[in-house]
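Each remark here refers to the structure printed beneath this line.
This is the structure in structure tokens:
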């Protein structure tokens, strides 16, 4: 799965070698039985000790064996656009845990898919972005109570953290941070505490036993900022948080602001180093580990903005609607000027037809005229820093994604709209990164590619031609990244589960 709770994103297993041919290693894939765009896969693959694979989608939970045979599916009752599975699941002690946007937390038998228990975690519901249900030491953690911040394009941050007994779902404690959370992913230092970041890059540490706050830091350093990325926990006693100076509204328009990566001591939250002023915001999760045998610890992150809505939606929002409004006013003025001396019937006809004709023409012209002003290019870099000092180690530029939205959102819009469920995936800039045992980094990007990056020749830099490998998935990836087990790499795009085997 995503690894031990002590070090999410780091796998004790290796996958593949220096050759770059992920396509040749693809063993099988899965899409919704009714067609590729008939659901959105919200939860990354989790792999159990028998190499069975679990994913969550908006409409349910699915289990497959290592060869791709479907073992069971648990379906959401009364599935709608507002009642679905939004989060990445967790597995622990034979149970799978996840939640519904309507506020329920539930546990399934990993063996059979049977519903073991379901409780109402919050009557206010759970925010519909893609956070992580987490489980450790008999406790399940979940973020709940979404609110609507100011701004027409703002999403719903969650404002409360709740802990539940993993055996029966009984509530143990709750905690309300001063700043809300987004795509919540707490980390567990194996000392009976949890650390997590807020949506503006602040950080908290809580006691797992009772939810009491140990410290909070950085809550006021980036008050207006927002990221849908998240943190990483290093084996060196440091907790790494990400940030962007852009507000949520500006981020929604793909204005990334500048990014920040900060390291804090787990013991007291004190800032150790801060790489602020990165050329774009960070909208992903970093990973911490050694990129080669004997190498110092590194922290690696992606830097780059979110993509916006499909072009056809942007045509309507920024072109057709404003154009139609202006055209309607022009048509009314046109009718007023031309109707003097006309019969009542002709006047009525003019006031009905001329504004409509002018609105239609101006809507078309507006849709065409707006294109040069829309953002249609998304550069992205992957950057490595010394985990102890924050000093840069290397960076590599990915091919610039040249379209107006994330891969797959334009193609899937008609099908998803017809189904009446969630119409867009709207992925982050990239999924969180997974580091394998040989120091290779795997992640999915909004350009629809699964990437692998590794400094194979050990020269301290990444050759984009020989050390960056890509697999064309055709759709972006939500927050959960690839999972690695012995001989297996599994990753889910917004619409397809891909399972690779060692050559």
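In the working numbering, the protein residues as written are 955 to 1457. Ideal Cβ positions, reconstructed from N, Cα and C, are used throughout, including at glycine. All values derive from a computational prediction rather than experimental measurement.
Next on the checklist: So, under 8 Å CB-CB, residue 1407 and residue 1421 are touching, yes? Tell me the CB distance rounded to an integer number of Å.
Outcome noted: As a working note, residue 1407 is residue 453 in the chain shown. As a working note, residue 1421 is residue 467 in the chain shown. Between residue 1407 and residue 1421 the beta-carbon gap is near 7 Å, inside 8 Å, which marks them as a contact.
Next on the checklist: Which residue marks the beginning of the beta strand (DSSP E) containing residue 1015, and which one marks its end?
Outcome noted: In the chain shown, counting from the first residue as 1, residue 1015 sits at position 61. Residue 1015 -> beta strand (DSSP E) spans 1014-1018.
Item to check | Residue range of the unbroken alpha helix (DSSP H) whose run includes residue 1368 | outcome: Indexing the chain shown from 1 puts residue 1368 at position 414. Per DSSP, residue 1368 belongs to the alpha helix (DSSP H) from 1363-1373.
Item to check | Cβ-based neighbour list, residue 1007, same chain, cut-off 6 Å, excluding 5 preceding and 5 following | outcome: Indexing the chain shown from 1 puts residue 1007 at position 53. 999, 1001, 1018 and 1444.
Checklist entry - For residue 1204, does the three-state DSSP call read helix, strand or coil? => result Walking along the chain shown from the start, residue 1204 turns up at place 250. Residue 1204 falls in the helix class under three-state DSSP.
Next on the checklist: What would DSSP say about residue 1276, mapped onto helix, strand or coil?
Outcome noted: Residue 1276 sits at position 322 when you count from the first residue of the chain shown. Helix, per DSSP.
Next on the checklist: Under 8 Å, with one C-beta from each stretch per pair, do the stretch 1194-1204 and the stretch 1176-1185 reach the 3-pair mark?
Outcome noted: yes
Checklist entry - Going by C-alpha distance, which of 1033, 1014 and 1133 is nearest residue 1041? => result Numbered from its first residue, the chain shown carries residue 1041 at position 87. Measuring from the Cα of residue 1041, the nearest candidate turns out to be 1014.
Next on the checklist: What would DSSP say about residue 1220, mapped onto helix, strand or coil?
Outcome noted: The residue given as residue 1220 occupies position 266 in the chain shown. Looking at residue 1220 - three-state DSSP - the assignment turns out to be coil, as it is neither helix nor strand.
Checklist entry - Do residue 1039 and residue 1076 come within 8 Å of each other at the CB atom, strictly closer than that value? => result Along the chain shown, read from residue 1 onward, the residue named residue 1076 stands at position 122. Along the chain shown, read from residue 1 onward, the residue named residue 1039 stands at position 85. No, the pair does not count as a contact, with Cβ atoms beyond the cut-off.
Next on the checklist: From the DSSP secondary-structure annotation, give me the bridge partner or partners of residue 1195.
Outcome noted: Along the chain shown, read from residue 1 onward, the residue named residue 1195 stands at position 241. Paired residue(s): 1216.
Checklist entry - Does DSSP put residue 1105 in a helix, a strand or coil? => result Taking the chain shown and counting its residues from 1, the one referred to as residue 1105 is at position 151. Low per-residue confidence applies at residue 1105: pLDDT is 44, beneath 50, and the placement is therefore not dependable enough to give any value.
Checklist entry - In chain order, what residues of the same chain have a beta carbon less than 6 Å from the beta carbon of residue 1170, not counting five sequence neighbours either side? => result Taking the chain shown and counting its residues from 1, one reaches residue 1170 at position 216. Closer than 6 Å at Cβ, skipping near neighbours: 1158.
Item to check | Selection from 1362, 1130 and 1446 that minimises the alpha carbon distance to residue 1098 | outcome: Against the chain shown, residue 1098 aligns to sequence position 144. Of the listed residues, the one whose Cα sits closest to residue 1098 is 1130.
Checklist entry - What is the residue span of the beta strand (DSSP E) that residue 1167 lies within? => result Looking up residue 1167 in the chain shown gives position 213. Where residue 1167 is concerned, the enclosing beta strand (DSSP E) starts and stops at 1167-1171.
Checklist entry - Just to confirm, does residue 1268 get its C-beta within under 7 Å of one of the non-hydrogen atoms of the ligand COA? => result Although the ligand COA was asked about, the structure shown includes no ligands whatsoever.
Next on the checklist: Does residue 1229 pass the burial test, meaning 16 or more other C-beta atoms within 10 Å, or should it be called exposed?
Outcome noted: Within the chain shown, numbered from 1, the residue matching residue 1229 stands at position 275. Answer is buried; the Cβ neighbour count reaches 16.
Next on the checklist: For residue 1059 and residue 1030, which I take to be in contact (beta-carbon distance under 8 Å), what is that distance rounded to the nearest angstrom?
Outcome noted: Mapped onto the chain shown, residue 1059 falls at position 105. Mapped onto the chain shown, residue 1030 falls at position 76. Cβ atoms of residue 1059 and residue 1030 stay farther apart than 8 Å, at about 14 Å.
Checklist entry - Which residue comes first and which comes last in the beta strand (DSSP E) that contains residue 1268? => result As a working note, residue 1268 is residue 314 in the chain shown. Element bounds for residue 1268: not the beta strand (DSSP E) but the alpha helix (DSSP H), 1265-1268.
Item to check | Three-state class that DSSP yields for residue 1133 in the structure shown | outcome: Here the question's residue 1133 lines up with position 179 in the chain shown. Here residue 1133 sits in coil by DSSP.
Checklist entry - Who are the Cβ neighbours of residue 1168 in its own chain at under 6 Å, not counting the five residues just before and after it? => result Here residue 1168 refers to the residue found at position 214 of the chain shown. Closer than 6 Å at the Cβ level, and outside the excluded window around residue 1168, lie 1159.
Next on the checklist: I'd like the span of the beta strand (DSSP E) that includes residue 1151, first residue to last.
Outcome noted: Position 197 of the chain shown holds residue 1151. That run of the beta strand (DSSP E) goes 1147-1151.
Item to check | Start and end residues, beta strand (DSSP E) containing residue 1119 | outcome: Along the chain shown, read from residue 1 onward, the residue named residue 1119 stands at position 165. Here the beta strand (DSSP E) through residue 1119 covers 1111-1119.
Item to check | Candidates 992, 984, 1092 and 1225: closest to residue 1034 by CA position | outcome: The sequence position of residue 1034 within the chain shown is 80, counting from 1. For residue 1034, the nearest C-alpha among the options comes from 992.
Checklist entry - In terms of residues, what are the limits of the beta strand (DSSP E) holding residue 1443? => result The residue you call residue 1443 lines up with position 489 of the chain shown. It spans 1442-1446 - the beta strand (DSSP E) in which residue 1443 sits, taken as one unbroken run.
Next on the checklist: Between 1264, 1329 and 1338, which has its C-alpha nearest residue 1461's C-alpha?
Outcome noted: Residue 1461 is absent from the model: the chain starts at 955 and stops at 1457.
Checklist entry - Cα separation between residue 1365 and residue 1332? => result If you number the chain shown from 1, residue 1365 lands on position 411. If you number the chain shown from 1, residue 1332 lands on position 378. Each residue's CA atom was taken as its position, placing residue 1365 and residue 1332 some 18 Å apart.
Checklist entry - Can you tell me the Cα-Cα spacing of residue 1451 and residue 1062, whole angstroms? => result For the purposes of this step, residue 1451 is identified with residue 497 of the chain shown, where counting begins at 1. For the purposes of this step, residue 1062 is identified with residue 108 of the chain shown, where counting begins at 1. Between residue 1451 and residue 1062, the C-alpha separation is close to 21 Å.
Checklist entry - Would you report the Cα separation of residue 1066 and residue 1051, rounded to the nearest angstrom? => result Counting from 1 along the chain shown, the entry for residue 1066 is found at position 112. Counting from 1 along the chain shown, the entry for residue 1051 is found at position 97. The alpha-carbon atoms of residue 1066 and residue 1051 are separated by roughly 14 Å.
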